[in-house]
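Residue numbers (my numbering): 34 to 638.
By construction, the Cβ of each residue, glycine as well, lies at the ideal position given by its N, Cα and C atoms.
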Ligand code: F1P
């Protein structure tokens, strides 16, 4: 996730760009930059750090601030570390552009450019777009045609705003990343979302996937994916700035659940291709021979990240044949863990600063163990410490209760499993790895299909004081995570248990006051055994909500999910559990994004 702003009109662009970027910092904040067009020249200033660092740099510069055309960007790095050189805008001698998204085929485009003797100078995928536009501009001598040609070559997700020295208009493109045009008399605004523009206008055009647009002061032309000129209707939005930042959602948590498809898509997009090949060579710098001969993987994490590890454990074991231990950070640091000969240590952390995860990582390093981390926040301690780090590309997670980070962590863990299987030449994994590409649309479908039912259920259940969550196989860690979500934000006591263990204790809790959430994939024998558990609960007057792709009359309600391969079901089955916790907390009137006693980054022991 990154934030984009653009302006073309009669006012000075700089102030509009900077205030817009500050509103968009929730989308990313590791580097920022602007380009201003004045007559036939473009000046660019960019820096690592936040928008305030950019403002300081601009104040210290002697840039001409009278420009009325400009673009700006606040970055959440995907390709290439946060640095001034990798920051946007990316420019050539003729053009400058900003981009949000991931160019999946940047490697092949780079090869194409090399054949034309054009080499990139940054580590980003975005520079490739700038170089392509520049290449075709030299060929066509027309910015619009050059832009069309370059965009036509891109695969992946992108929202792009580009300006050129010679031509007065700005070109835009959108595919799977948001881009909105703000309308006003004699001027046009552009941004990743309305929060950046709400103080200037309430009239917006939301570009659609495949759209390319040209804006020039108050004039706008839009072409659809078939290059046919189209008219897109404007929408009036009267939100406050705060509401706009949450994309119209009441809380960041709900917005972040709704973003899970995008977060997973960004995480997998350029790392896996349609044939199921996994590209992690650039990120996992650990020797391949070592990875081929691994005899154990030790995953250490806390909270939701710990449950992501637990969920992925059977998948890694199944596809790589390597034994996986998943350990809680706060325990691991006081445990003399018996590492095996070829042991890989993996730390998982959204924030990258969790002390109880960082310490075990340091300990593993000091013992000479090969270390890898899975982190969402760029350049955080847990990202910098290990031999290698793979970033989840979920964008900033603001709500304390982790949601989109969880599914993105799962996506990385699955890719690691398939990557190691690839190194070991295990054919079966390749067929399966491709299925990851279908996950984002299934997540989206699940959100749409279940949200209303879950809201109604939460309305019925929010007054209970205790909940039991049960699951078997891959659904067991999901039961744990579902219970954790409920605890964190609704303050209802919730226990997650392997369903088979119910008879060994927790069944004593069951009565009409303790409802049970049963998470059960239709795969046999798990499903029929979980249904037997439902019968046992029912005969003790317990209420049951079933989360499954298969309905049954035994329970009080089934939250019905799309069909999904058992191995990939966690990506879909976790969504209703997150939504249920959210709506229960909402009905209880809790402070959902900042629950009591909790912090987003737990940097103390
Ligand atoms: C771990 C964690 C989160 C939880 C809360 C407190 O954080 O337990 O899972 O939602 O934010 O911290 P991290 O190491 O994944 O950043």
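Residue i: CB within 6 angstroms of a non-hydrogen atom of ligand 1
i	result
residue 302	no
residue 408	no
residue 291	no
residue 383	yes
residue 547	no
residue 105	no
residue 707	Any question about residue 707 goes unanswered here, given that the chain covers just 34 to 638.
residue 445	no
residue 338	yes
residue 435	yes
residue 635	yes
residue 567	no
residue 387	yes
residue 35	no
residue 422	no
residue 234	no
residue 440	no
residue 221	no
residue 344	no
residue 425	no
residue 335	yes
residue 390	yes
Proximity of residue i and residue j at Cβ, strictly below 7 angstroms
i	j	result
residue 607	residue 483	no
residue 63	residue 115	yes
residue 251	residue 220	yes
residue 566	residue 535	yes
residue 518	residue 548	no
residue 158	residue 136	yes
residue 393	residue 433	no
residue 556	residue 494	no
residue 301	residue 450	no
residue 487	residue 613	yes
residue 180	residue 203	no
residue 404	residue 414	no
residue 456	residue 316	no
residue 104	residue 39	yes
Closest by C-alpha distance to residue i, when choosing among the options
i	options	result
residue 201	512, 394 and 75	75
residue 131	517, 139 and 108	108
residue 344	352, 359 and 568	359
residue 506	543, 589, 420 and 603	603
residue 502	527, 478 and 481	527
residue 453	425, 356, 471 and 521	356
residue 440	46, 341 and 173	341
residue 265	554, 170, 315 and 213	213
residue 559	493, 585, 156 and 532	532
residue 364	336, 40, 167 and 399	336
residue 283	635, 89, 350 and 619	619
residue 120	582, 362, 81 and 542	81
residue 306	188, 388, 209 and 248	188
residue 401	541, 177, 590 and 420	420
residue 429	288, 585 and 112	288
residue 92	60, 111, 71 and 67	67
residue 339	323, 621 and 379	379
residue 155	122, 254 and 435	122
Cβ-based burial, residue i [other Cβ within 10 Å; buried from 16]
i	result
residue 227	buried
residue 417	exposed
residue 368	exposed
residue 207	buried
residue 464	exposed
residue 629	exposed
residue 215	buried
residue 263	exposed
residue 197	buried
residue 626	buried
residue 631	exposed
residue 291	buried
residue 601	buried
residue 406	buried
residue 385	buried
residue 147	exposed
residue 516	buried
Could you tell me which uninterrupted alpha helix (DSSP H) segments, each at least 4 residues in length, are contained entirely in the segment 73-114, listed from first to last along the chain?
Every unbroken stretch of the alpha helix (DSSP H) spanning 4 or more residues and falling wholly within the segment 73-114 is given here in chain order: 84-93.
Counting only runs of 4+ residues fully inside the segment 284-325, write out the alpha helix (DSSP H) ranges in chain order.
Taken in chain order, the unbroken stretches of alpha helix (DSSP H) that lie wholly in the segment 284-325 and span 4 residues or more are 285-291, 293-301 and 321-325.
Threshold first: 4 residues or longer. Then list the alpha helix (DSSP H) segments lying entirely within the segment 351-392, N to C.
Given a length threshold of 4 residues, each whole run of the alpha helix (DSSP H) inside the segment 351-392 is given here in chain order: 362-365.
Could you tell me which whole beta strand (DSSP E) segments of length 3 or greater appear in the segment 115-145?
Secondary structure in the segment 115-145: the beta strand (DSSP E) runs of 3 residues or longer, each lying completely within the stretch, are 128-136 in chain order.
Curious, which full-length alpha helix (DSSP H) runs of at least 4 residues does the segment 394-454 contain?
Listed in chain order, the complete alpha helix (DSSP H) runs (minimum 4 residues) inside the segment 394-454 are 414-417.
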